[in-house]
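Numbering (our numbering), first residue to last: 302 to 814.
Here a beta-carbon is modelled for each residue, glycine too, at the ideal position from N, C-alpha and C.
All values derive from a computational prediction rather than experimental measurement.
Presented below is the structure to which this report refers.
Now the structure itself:
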């Protein structure tokens with residue numbers, strides 16, 4: 302267990318945990334200014350390898366994808382500074398992934414200090430020493446743990462001749478940072494800083510346990526491809542990564558057992574050294590190194606392929622983004638033009654609206670003046686009709702009174718009764734009365750003259766009545782014409798308004814189409 306923490310706490314954030322580690326590292330009087338000195342030193346012997354690996358480190362991540370960007374520049378400084386600082390080990394392939402993970406949580410100087418601590422205090426640099434002797438010891442320990450915890454998978458790997466160094470090299474050398482998703486890597490680094498490098502065994506056994514059923518169905522080539530491609534993809538799901546970390550934390554691997562396996566490995570190596578001819582040993586060692594070299598070259602090719610694929614994908618995304626940007630620019634220009642046209646149309650419609658309002662106002666004023674004029678004429682006509690009606694009524698009343706007087710006189714006159722009936726009509730003279738006295742002839746003549754005058758006056762009155770009725774009809778006719786003109790004026794103004802609105806709406810609809 303690490304001397305920095307009493308127990309692992311996954312709930313502690315990576316940045317806080319690593320900052321605490323850095324604080325303890327600084328208290329142990331590690332000079333952070335050493336980073337500046339090392340990063341500004343002369344070129345590192347591994348400068349070409351560092352430059353090559355920088356471009357392959359998280360090429361799809363926003364911080365590291367730009368060649369010559371801030372991310373790649375900081376990563377180059379850290380890798381170069383460590384290669385100068387640790388001359389015995391220098392820079393090793395895959396080291397850039399661990400440095401990049403640290404850079405995502407802290408500045409360059411602090412990331413360099415934590416990297417130094419992991420390499421020295423946590424024993425990671427021991428894996429690179431003496432022709433990776435300690436690394437092969439870790440492979441042996443992993444296989445012995447498999448034999449104990451996953452015996453069926455261990456036997457299957459023996460049957461297909463699949464050894465631990467063929468699939469677990471990157472797990473130990475890069476601490477799972479090269480292939481697996483970052484949110485999973487952060488948890489692994491948390492556990493590593495809390496528990497030490499033995500946590501790698503927990504995670505490795507967890508990976509093998511969770512994929513055992515798939516691996517039991519593979520042959521040698523299929524197993525290598527599974528470890529290289531399908532295994533990292535499986536843990537892109539945060540749910541799967543969470544289950545793996547829970548399994549790794551719950552797995553109990555004692556340090557005593559690891560020491561026992563380490564002792565077995567060294568005893569076996571000593572026996573092999575004693576029994577084996579030096580030439581054969583060197584040849585075997587040479588073959589092992591060649592195999593390791595071929596494996597690393599294959600991994601290098603895979604990383605290069607991933608880099609090319611990522612760059613192609615990025616280029617496609619960039620092209621698509623540029624096409625979308627061009628399309629959006631065109632659409633923006635079209636929208637601006639439409640906006641200009643709409644503003645012009647709006648100004649035109651506002652002008653037409655103002656003209657229409659002015660026209661409506663004029664028509665309304667005209668109509669109101671006509672209505673007032675017609676109302677005045679109608680009032681005059683009504684007044685005239687009223688006066689004529691009054692005069693007619695008075696005349697009729699006077700005529701009736703006069704007729705009633707005459708009728709009364711006729712009724713009072715004995716002689717007149719002979720000539721008029723009760724209705725005032727002249728009676729027909731009988732043959733018996735033809736021999737009336739001549740004295741009455743003159744009186745009769747007088748009465749006849751009066752009667753003719755009265756009939757004439759009555760005829761004139763009736764004529765005046767007819768003329769008055771004609772005038773009333775004429776006035777009513779003029780009144781009807783005036784009302785029709787007012788209504789027609791109103792309809793004409795309303796129709797003009799509707800026609801103007803329809804015309805404007807039709808023109809706008811055509812332009813929109």
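Leaving aside the five residues that flank residue 404 on each side, the residues in its chain whose CB is nearer than 8 Å to its CB run, in chain order, 364, 372, 375, 376, 379, 412.
Taking C-beta separations shorter than 7 Å and ignoring five residues to either side along the sequence, the partners of residue 478 in its chain run 398, 399, 402, 486, following chain order. Judged by DSSP in its simplified three-state form, residue 368 adopts coil rather than helix or strand.
Remark: C-beta atoms of residue 696 and residue 765 approach each other more closely than 8 Å. With 16 or more other Cβ atoms inside 10 Å of its own Cβ, residue 384 counts as buried. Only residues of its own chain outside the window of five on either side were considered, and among them none has a CB closer than 6 Å to the CB of residue 362. Contact between the region 537-556 and the region 510-526 is established, with three or more Cβ pairs separated by less than 8 Å.
Inclusion of residue 516 and residue 416 in the CB contact set at 8 Å is not warranted, their separation being larger than that value.
With 16 or more neighbouring CB atoms inside 10 Å of its own CB, residue 465 falls in the buried class. Taking one beta carbon from each stretch, the region 772-781 and the region 683-693 have 3 or more pairs nearer than 8 Å; the two touch.
Of the other Cβ atoms in all chains shown, fewer than 16 fall within 10 Å of the Cβ of residue 699; this residue is therefore exposed.
Where residue 574 is concerned, the enclosing alpha helix (DSSP H) starts and stops at 556-576. If you check the CB distance, residue 446 and residue 521 do not come in under 8 Å. Residue 612 and residue 621 have their C-alpha atoms some 14 Å from each other. One alpha carbon belongs to residue 541, the other to residue 436, and they sit about 28 Å apart. For residue 492, the closest alpha carbon among the candidates 423, 783, 535 is that of 423. For residue 460, the uninterrupted alpha helix (DSSP H) segment begins and ends at 452-460.
For residue 504, the enclosing alpha helix (DSSP H) starts and ends at 500-511. With respect to the C-alpha of residue 707, the residue from 674, 679, 759, 684 having the closest C-alpha is 759. No Cβ-Cβ contact shorter than 8 Å links residue 672 with residue 780. Taking 8 Å as the cut-off, the Cβ atoms of residue 452 and residue 537 do not count as close. Apart from the 5 residues on each side of it in sequence, residue 504 sits with its Cβ closer than 7 Å to the Cβ of 477, 489, 549 in its chain, given in chain order.
Under the three-state reduction of DSSP, residue 610 is assigned to helix. A distance of 8 Å or more separates the beta carbons of residue 518 and residue 442.
Sixteen is the threshold: when 16 or more other Cβ atoms of the shown chains lie within 10 Å of the Cβ of residue 354, as they do, the residue is buried. Assignment of residue 549 by DSSP, reduced to helix, strand and coil, places it in the helix class.
By the Cβ-count criterion, residue 351 is buried, with 16 or more other Cβ atoms from all chains shown falling within 10 Å of its own Cβ. In this structure residue 524 is in contact with residue 463, their Cβ atoms being roughly 5 Å apart against a cut-off of 8 Å. When secondary structure is reduced to three states using DSSP, residue 686 falls in the helix class.
For the region 608-666, not one full-length beta strand (DSSP E) segment reaches 3 residues or more.
DSSP places residue 471 in the helix class (H, G or I) of the three-state scheme. For the pair residue 395 and residue 347, the CB atoms are not nearer than the 8 Å cut-off. The DSSP-derived three-state label of residue 438 is helix. In the structure shown, residue 776 falls within a helical segment according to DSSP collapsed to helix, strand and coil.
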